[in-house]
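Data block below; observations after.
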Amino acid sequence: MNSSVTTKKQLAQLDRALDGGTLGDVAGIVGDLSPGDVAYLITSYPPRIRQVIWSLLEPEQEADVLNELPEELRNQFLVEMEPKALALIVGQLDDDDVADILHDLPDSITEQVLGIMDEADRTRLATVLAFPDDVAGGLMSTDTISIRADLTLDVVMRYLRRHAEIPQNTDSIIVVNREDHFVGILPIRILLVADPSQSVREMMLTNRDAIPAQLPATEVARLFERNDWISAPVVDEENRLLGRITIDDVVDVIREEADHSLTSLGGIGEDEDTFATVMQTAPRRAVWLGINLITALIASSVINMFQDTIEKVVALAVLMPIVASMGGVAGTQTLTVLIRGLAMGQLNNRSQRWLVAREALVGLANGILWALVVAAAASAWFEDWTLGLVIAAAMMINLMTAGIAGAVIPLTLKRLGIDPALAGGVVLTTVTDVVGFYPFLDWQQFFMAKTDIEDSDWNPDEAPPSKSSKKRAMTALQVLGTRLVNLTPSQLEQIPIEDSRLQDAVLQARKITQRGGLRRQLQYIGKLMRVIDPEPIETALAKLDGVHQAERAQLHQLEQLRDALIAQGDAALPAALAAFPHADRQQLRHLTRQSDVSGPRAKEQARKLFRYLRELQESSDADF
């Protein structure tokens with residue numbers, strides 16, 4: 003506690019000294035701080051102040067401070083250093099720390115540093131550098147003490163006293179055979195109190211397994227956590243001792259995992275510097291902002307399908323965020339649980355199925371509870387029980403879907419090799435928004451149609467028809483509405499539709515592509531037509547049908563005349579000129595003779611002749 007208070011006072015003094023610009027005072031304060039506190043200071047200031055603090059460090063401080071800095075910030079200082087100075091610094095660090103540094107440096111700089119180091123150091127480092135930094139081999143240090151099982155404890159004590167110091171965090175001595183195969187460990191606590199005449203074989207522990215060099219770093223951290231280890235030996239595939247992992251290296255792994263989980267929720271990397279420059283920060287964040295934009299556009303497209311409905315009922319715009327946000331929160335809760343389980347290695351096939359089922363039931367239970375609450379609030383607020391019913395149903399579906407999606411999405415992303423912590427939130431948001439918006443707006447549209455009919459002036463009780471006649475009449479009106487929807491825009495302009503609601507319904511139906519939504523919209527159009535006089539619409543459609551029939555008859559006659567001209571030649575010209583007195587005789591004869599050919603040009607020439615005959619027909623109609 004006292005040391006913590008002292009450190010805070012020193013940090014406060016340093017802050018004041020930096021503000022006052024007294025570098026001598028800054029250097030004195032920095033020299034009294036631990037490497038961890040200096041590293042903390044460097045990470046807590048913008049780039050300009052960082053350089054000032056770094057320049058005031060003593061050479062013997064640099065190595066320890068570098069070892070405490072985050073990877074990205076550490077590399078910024080390393081790449082600016084000369085290879086000789088860099089070799090001196092790494093020579094003061096443990097093998098695993100040196101390996102971490104060299105892994106992150108450009109290959110050219112790494113080669114220069116290794117070339118300056120002596121042969122023994124290079125050999126030692128080569129063992130660690132042969133492994134990636136995210137497995138046990140990359141975490142280990144080759145600085146170990148090993149003994150044989152046939153030695154007595156007295157000999158071991160004398161052997162240890164020959165060392166000026168033993169490696170840090172040495173809680174046990176590793177026992178190996180003549181081929182350097184791992185046999186067991188001899189804890190220091192046993193060595194210090196046991197009879198010196200006893201052998202190592204009698205006192206060593208053989209129930210302790212070594213860590214395979216290829217074991218992932220996260221699994222190593224879990225082993226240390228479950229067994230409360232301070233250190234552990236690392237072996238190769240043949241059980242040959244390579245080195246050991248200590249608790250300080252495991253703490254770094256745990257911290258990195260925690261940073262990764264936290265920063266991934268915001269779509270940023272775990273190594274992102276708090277005080278990175280604009281040019282460094284903006285591109286990193288732009289990627290996930292772009293991905294989020296795509297998912298937002300998907301949700302917006304669902305809303306756009308029901309824009310007319312939203313315009314008519316303003317309450318929908320008020321209530322939509324409630325449905326989406328409740329689903330988002332429920333899904334995020336499940337997502338967090340699953341990501342944590344994946345990170346801790348707790349999930350297998352059986353437990354995954356159990357969790358998915360549980361989250362679905364939890365979503366259903368919470369959906370029922372909060373659907374009732376929101377339904378009551380919406381009904382009282384807007385004085386519309388149908389609106390409360392719709393939002394209740396939408397919320398139940400969305401919360402249940404959110405629970406299932408929050409469990410399934412991270413499992414699926416994990417199998418695809420995608421980081422669930424980084425991408426899970428984006429995918430989940432899209433699912434909950436779409437599932438929340440679509441049923442809410444779709445069902446509200448259906449109830450609006452029903453309400454419009456009930457509020458209209460039409461009263462079926464005035465002349466009650468039979469059930470069969472009512473059904474036939476409704477079917478006929480729906481068929482009539484379907485014909486309106488299928489007309490071209492120019493044809494629709496010729497139809498006298500005086501009811502604005504019917505006009506809007508027909509135009510909206512032309513935009514709907516989903517089968518179920520179109521069916522409900524056509525039913526709505528059929529109901530609207532029950533309150534208007536359909537005779538003018540039927541008359542206009544009949545007129546269009548008559549025009550179409552006349553046009554088809556004319557085209558058929560023109561086709562017959564063309565075929566006669568091609569088959570008979572000049573003999574059929576009098577009939578054509580009688581039908582079209584204003585025709586150019588020479589052009590007609592020329593096109594007829596050109597059409598009397600075979601091969602690939604025959605169809606093209608026949609089309610030219612038909613087009614000329616059609617132009618003659620259109621000009622005759624215009625004169626008439």
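When you read off a place in the sequence shown, starting at 1, and then add 2, the result is the number in the working numbering. Every residue gets a Cβ at the ideal spot worked out from N, C-alpha and C, and that includes glycine.
Please state whether the Cβ-Cβ distance between K610 and L593 is less than 7 Å. It is a contact, given that the beta carbons lie within the stated cut-off.
Does DSSP put F184 in a helix, in a strand, or in coil? Strand at F184.
What are the boundary residues of the beta strand (DSSP E) that I176 is part of? Element bounds for I176: S174 to V178.
Residues in the same chain with beta-carbon distance under 7 Å from K416, minus the five sequence neighbours each way, listed in chain order, please. The residues L344 and P422, in chain order, have a CB closer than 7 Å to that of K416 in the same chain once the five nearest residues on each side in sequence are set aside.
Drop a sphere of 10 angstroms on the beta-carbon of I527, count the other beta-carbons inside from all chains shown, and report buried for 16 or more, exposed for fewer. Buried, since its Cβ has 16 or more Cβ neighbours within 10 Å.
Report the rounded CA-to-CA distance for L420 versus T403, giving the unit in angstroms. The identity of residue 420 in the sequence shown is Ile, whereas the question assumes Leu. Going by the C-alpha atoms only, they are around 22 Å apart.
Quick one, which of G365, E221 and P169 has its alpha-carbon nearest S143's? The shortest C-alpha separation from S143 is found at P169.
In the DSSP output, what is T434 paired with across the bridge? BP columns for T434 are empty, so no partner.
For a minimum of 4 consecutive residues, which ranges assigned as the alpha helix (DSSP H) are wholly contained in the stretch 103-159? Runs of the alpha helix (DSSP H) spanning 4 or more residues and lying entirely within the stretch 103-159 occur at 109-118, 121-131 and 138-141, in chain order.
Option in R246, I296, G139 and D152 with minimal Cα separation from T146: The candidate whose alpha carbon is nearest that of T146 is R246.
Terminal residues of the continuous alpha helix (DSSP H) containing T220? Boundaries of the alpha helix (DSSP H) around T220: A219 to N229.
Measure from the alpha carbon of S201 to the alpha carbon of each residue in D136, V158 and L104, then state which is nearest. The residue with the shortest Cα to Cα distance from S201 is V158.
In angstroms with no decimal places, state the Cα-to-Cα distance between D501 and I534. Their backbone Cα atoms lie some 8 Å apart in a straight line.
Checking 7 Å against the spacing of the C-beta atoms, do V28 and L71 come in under that value? Taking 7 Å as the Cβ cut-off, V28 and L71 do not qualify as a contacting pair.
Whole-angstrom Cβ separation of M206 and A166, contact assumed at under 8 Å? Not really, about 25 Å apart at Cβ, beyond 8 Å.
So, for F226: in the same chain, excluding its five sequence neighbours on each side, which residues have a beta-carbon less than 6 Å away from its beta-carbon? Only V252 meet the Cβ criterion.
Quick check on the burial criterion: 16 or more other C-beta atoms within 10 angstroms. Buried or exposed for G426? By the C-beta density criterion, G426 is buried, having at least 16 other C-beta atoms within 10 angstroms.
Closest residue to M531 among L520, R512 and L504 (Cα-Cα distance): Per the Cα distances, L504.
For G245, which beta-bridge partners are listed by DSSP? As computed with DSSP, G245 is found in a beta bridge with V236.
Where does E456 fall in DSSP's three states? Confidence is the limiting factor: at E456 the pLDDT is only 48, short of 50, which leaves the residue's position unreliable, though a coordinate-based value still follows. Looking at E456 - three-state DSSP - the assignment turns out to be helix.
Rounded Cβ spacing between I406 and G365 (contact assumed at less than 8 Å): Between I406 and G365, the beta carbon gap of about 7 Å places them in contact (Cβ cut-off 8 Å).
CA-CA distance, L340 and A326? Their Cα atoms are separated by approximately 21 Å.
Y614: buried (16+ other C-beta within 10 angstroms of its C-beta) or exposed? A residue is called buried when at least 16 other Cβ atoms come within 10 angstroms of its Cβ; Y614 meets this threshold and is buried.
How would you call E121, buried or exposed, if buried means at least 16 neighbouring beta carbons within 10 angstroms? Exposed, because fewer than 16 other Cβ atoms sit within 10 Å of the Cβ of E121.
Cut-off 6 Å between Cβ atoms - residues of its own chain near Q216, not counting five sequence neighbours on either side: V137.
To the nearest whole angstrom, what separates the beta carbons of G329 and T434, a pair I think is in contact under 8 Å? With a Cβ gap of about 4 Å, G329 and T434 count as contacting.
Assuming the contact rule is C-beta atoms closer than 8 Å, L244 and G139 should be a hit. Round their C-beta distance to whole Å, please. Between G139 and L244 the Cβ distance is about 7 Å, and since that is below 8 Å, they are a contact.
Could you round the C-beta distance between L563 and A585 to whole angstroms and report it? I think they count as a contact, below 8 Å. Taking C-beta atoms under 8 Å as the contact rule, L563 and A585 fail to qualify, at a distance of about 11 Å.
Extent of the continuous alpha helix (DSSP H) to which V51 belongs: First, the residue type needs correcting, since residue 51 is Ile and not Val in the sequence shown. It spans P49 to S57 - the alpha helix (DSSP H) in which I51 sits, taken as one unbroken run.
Through-space distance from M119 to L88, alpha-carbon basis: If I take the Cα positions, the gap works out to 10 Å.
Assign L489 to one of three DSSP states: helix, strand, or coil. L489: coil per DSSP, three-state reduction.
Let's see if you can read the secondary structure: which residues bound the alpha helix (DSSP H) around S597? Unbroken alpha helix (DSSP H) run through S597: R587 to S597.
Backbone CA spacing between F612 and E561 [nearest angstrom]: Each residue's Cα considered, the two are about 7 Å apart.
Less than 7 Å between the C-beta atoms of V481 and A511, yes or no? No.
How many whole angstroms separate the CB atoms of V40 and V67, which I take to be in contact at a CB cut-off of 8 Å? Their Cβ separation, rounded to whole angstroms, is 5 Å, which keeps V40 and V67 in contact under 8 Å.
A409 vs T336 beta-carbon contact at 7 Å: Yes, they are a contact pair.
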